[in-house]
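Below is one structure; the comments refer to it alone.
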Amino acid sequence: MTKTNLRNKIKVYFNELKDNFNEPGKKMKRKRIIKKLVISVFRFVLLFGLSFVILFPTIQQILMALRAPEDVNNPAVIWIPEIWSFKNIKIASVVLDYPKALLCTTKLSFISMVLQIASTALAGYAFSRLKFKGSNILFIGVLLTIIIPPHALSLAQYLYFIDLKLVGKESSIYLMSGLGMGIRSGIFIYIFRSFFQGLPKELEESAQIDGAGVFRTFWSVMLPNARGALVTVGLFAFVWQWNDTYFISLFEVSHGDFPLLTARLMNAAEGMYNALFITGGINLIGKDIWSNPLFLALITNVSALLMMLPLLIMYLFVQKQFVESIERTGIVG
Amino acid sequence: MSEKVKKERKFKSYETQKKIWAFIFLAPWLLGFVGLFMIPMLTSFRYSFYHLLSTVDEGLVLTWVGFDNYYNALQVEAIGNTFFKAELLATLSEVAINILVIIIFSLFIAVILNAEFKGRAIVRAIFFIPVILNSTAVVFALSSGEAMSGILSGDAGLGKVFDLENYLLRAGLTGNMVGFINYLISRIYSILALAGVPILLFLASIQSIPRHLYEAAEIEGSTQYEMFWLITLPNVKPHLLTVAIFILIDTFISSPLSRYIDGLRRTQWGLRAAMSWLYVVVVALILIILLAINKIFKWGESHYD
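From first to last, the protein sequence lines are chains B and F. Here the first sequence is numbered in our numbering, starting from 6 and rising by one per residue. Here the second sequence is numbered in our numbering, starting from 1244 and rising by one per residue.
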């Protein structure tokens, strides 16, 4: 009796489940849930994989930097250092003349960033909001500066700067940035132009009715609304100046009194032994270690890390604003 | 009446004021454009037809050599063991692959990063790291450490994590295909580095698409796939050209070709100028091709117009 009862119960339950399963509304809902799940799993795998590819070399470099120099080709040490040590970093910072070079590079990048923002924002605003006859023809000039590579101009610029007695001075970089011919200034002008174009005309008109002049409109109404573009351009200008090797070496900006990280790194990478010898970094370590080519490679690696680390730390702080700024930049208009 | 005149005069003065300020705003750029761009450009164009010799007492001595520099660049001169034309061809094929691969890749990533999901902010932040760390000096330093890659490939290199090549071959793909996939994977970091700004551009472009289009599509019951092809892609299309031009310029600037030109000795300025101008001509040709494609397929126009 109880057995059939139970069997009936199961049967009823099973039928219910079956009906439930075949009901079109629920079927669709289930289908959607499965689809969503598949998409999010796929997305997770893809994004996780790519993030891994991006972060992997840097993490590896950091771990390698923290190995003791004696362990450089210890086959037992792959990931986690056996003996944690800051010795590699110490030697690399001697090679790079780190504190001083860091200060000089930061100063150069910061001033050039401010000048770049100023010159390109003004030009971008003029090209988008203060149109006059021929301004579109002038804008072709901006496109030309984007398209023509710096190599085509380098010699003439170099000779010109010799005449101006600017070669070997940081002011050569400032002059280029201040006059809107710095690293990729053309792209920045393009970004600012399309951004200002996207701002509503009413903003300008209401400012004008309230009695603001052109400059006042630009300074107190348009610019505060352009924060997204300012953050984007500022970040790129700073980073590209920091990483620049081309103009630095063309104008011979880096020298003993004004060392720059990129130039020191390039120099060191070309001949690590010489760099160690000249800077005296070699005295910090025994001969059995510096005669190992792997150790020299390791120091090169650590030097590269030391150059990138300040940028990474800075990015950690501005990252949120930068990512948010994308939402509002309207770069492409 | 007088009020109206006054207003009109005020408006007119605003217009003239605008012109004056336009000039003031553009002054630094104009100065730079003429002094630091146009004049050096013309000078370097002139130099490409000369042989330059830097002497102590007479300064720069120019001798007219006609098209010799161009001929040398294309036929004779070699640095290390490569020729200029070989580097040029290599860069051209790189550009062709890059434009296609990066446009597809960055559009794909931009669409994914635009969707709502947990941890989106972190992933977005991570994706722009390669743009920040993309430095010639770092690349140079790491590539010169050949010994280091020896350590890495031995035990912890990415390629050793799983044997992809073998797996793909067993899956029935042809050798060429596997080679191409392998090539892309080995270049994933440089692709990511170049894709940062295109992702940014696409993301901004996708975000400017009005939300109600997607809402309407959802109510009509269209799938994500249809939404991509019928809403996202047509709206992104006008910006494809911008992205393509950016990739073109970026690939050329970071290509071995640039390093080849920079590698010339400082005395060979004429040759260097000639090579730079050949480079400009090639970039201009590709640009014209891109513009022509743009005209033919009407990329530049949104399909809602």
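From the three backbone atoms N, C-alpha and C, an ideal C-beta is built for every residue, glycine too. Since we're looking at a predicted model, the values are computed, not measured.
> Roughly how far, in whole angstroms, is the beta-carbon of residue 1492 of chain F from the beta-carbon of residue 152 of chain B, given that I think they are within contact range, below 8 Å?
Replying inline: That pair is a contact at about 7 Å.
>> Which runs of the alpha helix (DSSP H) at least 4 residues long sit entirely within the region 1290-1315 of chain F? Give them in chain order.
In response: For the region 1290-1315 of chain F, whole alpha helix (DSSP H) runs of length 4 or above, ordered along the chain, are 1311-1314.
>> With a threshold of 7 Å on Cβ separation, who are the neighbours of residue 307 of chain B within its own chain once the five nearest residues in sequence on each side are excluded?
In response: Cβ neighbours of residue 307 of chain B beyond the five flanking positions: 70, 93, 94, 97.
> If we ignore side chains and look at the alpha-carbon of each, how far apart do residue 1477 of chain F and residue 1260 of chain F end up?
Replying inline: Rounded to the nearest whole angstrom, the C-alpha separation of residue 1477 of chain F and residue 1260 of chain F is 40 Å.
>> Could you check whether residue 133 of chain B and residue 198 of chain B sit closer than 8 Å to each other, using their CB atoms as the reference points?
In response: Taking 8 Å as the Cβ cut-off, residue 198 of chain B and residue 133 of chain B qualify as a contacting pair.
> Per DSSP, residue 232 of chain B is paired with what?
Replying inline: According to DSSP, which records beta bridges pairwise, residue 232 of chain B is partnered with nothing at all.
> Would you say the region 1344-1351 of chain F touches the region 1438-1448 of chain F, given that touching needs at least three Cβ pairs under 8 Å?
Replying inline: Taking one beta carbon from each stretch, the region 1344-1351 of chain F and the region 1438-1448 of chain F have 3 or more pairs nearer than 8 Å; the two touch.
>> For residue 89 of chain B, list the residues DSSP reports as bridge partners.
In response: Its beta-bridge partners are B:72.
> Rounded to a whole number of angstroms, what is the C-alpha to C-alpha distance between residue 1555 of chain F and residue 262 of chain B?
Replying inline: Since the first residue shown for chain F is 1244 and the last is 1548, residue 1555 of chain F is missing from the structure and cannot be characterised.
>> Once DSSP output is grouped into helix, strand and coil, what is the label at residue 1259 of chain F?
In response: Per DSSP, reduced to three states, the secondary structure at residue 1259 of chain F is helical.
> Using DSSP with H/G/I as helix, E/B as strand and the rest coil, what is residue 263 of chain B?
Replying inline: Here residue 263 of chain B carries a strand assignment [DSSP, helix/strand/coil].
> Using the beta-carbon count (16 or more within 10 Å), is residue 191 of chain B buried or exposed?
Replying inline: By the 10 Å Cβ count, residue 191 of chain B comes out buried.
>> Restricting to Cα atoms, I'd like to know which of B:136, B:164, B:240, B:110 is closest to residue 1263 of chain F.
In response: Closest by alpha carbon: B:136.
>> Given a cut-off of 8 Å on the beta-carbon distance, is the pair residue 1346 of chain F and residue 1441 of chain F in contact?
In response: Result yes, Cβ atoms of residue 1346 of chain F and residue 1441 of chain F sit closer than 8 Å.
> How about residue 178 of chain B and residue 185 of chain B: are their beta carbons less than 8 Å apart?
Replying inline: Remark: C-beta atoms of residue 178 of chain B and residue 185 of chain B do not approach each other more closely than 8 Å.
> Can you list the alpha helix (DSSP H) stretches of 4 or more residues lying completely in the region 1425-1510 of chain F, in chain order?
Replying inline: If we require 4 residues or more, the alpha helix (DSSP H) runs fully inside the region 1425-1510 of chain F come out as 1431-1450, 1454-1462, 1467-1470, 1476-1479, 1483-1496, 1499-1505.
> Where does the unbroken alpha helix (DSSP H) through residue 1518 of chain F begin, and where does it stop?
Replying inline: Its alpha helix (DSSP H) spans residues 1512-1540.
>> If the cut-off is 7 Å on Cβ atoms, which residues from the region 146-158 of chain B count as contacting chain F, listed in chain order?
In response: Listed in sequence order: 146, 150, 151, 152, 153, 154, 156, 157, 158.
> Alpha carbon to alpha carbon, how far is residue 210 of chain B from residue 227 of chain B?
Replying inline: Taking the straight line from one Cα to the other gives about 12 Å.
> Name the DSSP bridge partner or partners of residue 1186 of chain F?
Replying inline: Nothing in the structure corresponds to residue 1186 of chain F, since chain F is present only between 1244 and 1548.
> residue 1259 of chain F CB to nearest chain B CB: under 8 Å?
Replying inline: Under the 8 Å criterion on CB atoms, residue 1259 of chain F is classed as non-interfacial with respect to chain B.
>> Please report the distance separating the alpha-carbon of residue 1513 of chain F from that of residue 1288 of chain F.
In response: Approximately 9 Å between the Cα atoms of the pair.
>> Measuring only the C-alpha atoms, how far is residue 206 of chain B from residue 264 of chain B?
In response: The alpha-carbon atoms of residue 206 of chain B and residue 264 of chain B are separated by roughly 47 Å.
> By DSSP, does residue 137 of chain B sit in helix, in strand, or in coil?
Replying inline: DSSP, reduced to helix, strand and coil, places residue 137 of chain B outside both helices and strands of the structure shown, so it counts as coil.
>> Which residues in chain B have a C-beta closer than 8 Å to the C-beta of residue 1501 of chain F? List them in chain order.
In response: Here the neighbours are 154, 156.
> Does the region 215-227 of chain B touch the region 163-181 of chain B, meaning 3 or more C-beta pairs lie closer than 8 Å?
Replying inline: Judged by Cβ distances under 8 Å, the region 163-181 of chain B makes no contact with the region 215-227 of chain B, as fewer than three pairs qualify.
> Can you list, in chain order, the residues of its chain whose CB lies under 6 Å from that of residue 1487 of chain F, leaving out five sequence neighbours each side?
Replying inline: Within the same chain, residue 1487 of chain F has close Cβ partners 1342, 1533.
> Where does residue 1326 of chain F sit, in a helix, a strand or coil, going by DSSP?
Replying inline: Looking at residue 1326 of chain F - three-state DSSP - the assignment turns out to be strand.
> What's the C-alpha gap between residue 1395 of chain F and residue 1273 of chain F?
Replying inline: Any reading at residue 1395 of chain F is ruled out, since the residue's pLDDT is 47, under 50, leaving its predicted position unreliable.
> Just the Cα atoms here: how many angstroms apart are residue 1281 of chain F and residue 146 of chain B?
Replying inline: One C-alpha to the other measures close to 9 Å.
> From F:1298, F:1266, F:1292, F:1359, pick the residue whose C-alpha is nearest to that of residue 1515 of chain F; which is it?
Replying inline: Ranking F:1298, F:1266, F:1292, F:1359 by Cα distance to residue 1515 of chain F puts F:1292 first.
>> Does residue 24 of chain B come out as helix, strand or coil in the three-state DSSP assignment?
In response: Helix.
> In this structure, does DSSP put residue 169 of chain B in helix, strand or coil?
Replying inline: In the three-state reduction of the DSSP assignment, residue 169 of chain B falls in the coil class.
>> In the DSSP assignment, the alpha helix (DSSP H) including residue 187 of chain B goes from what residue to what residue?
In response: For residue 187 of chain B, there is no enclosing alpha helix (DSSP H), since its DSSP letter is neither H nor E.
>> If the cut-off is 8 Å on Cβ atoms, which residues from the region 41-64 of chain B count as contacting chain F, listed in chain order?
In response: Listed in sequence order: 44, 45, 48, 51, 52, 55, 56, 58, 59, 60, 61, 62, 63.
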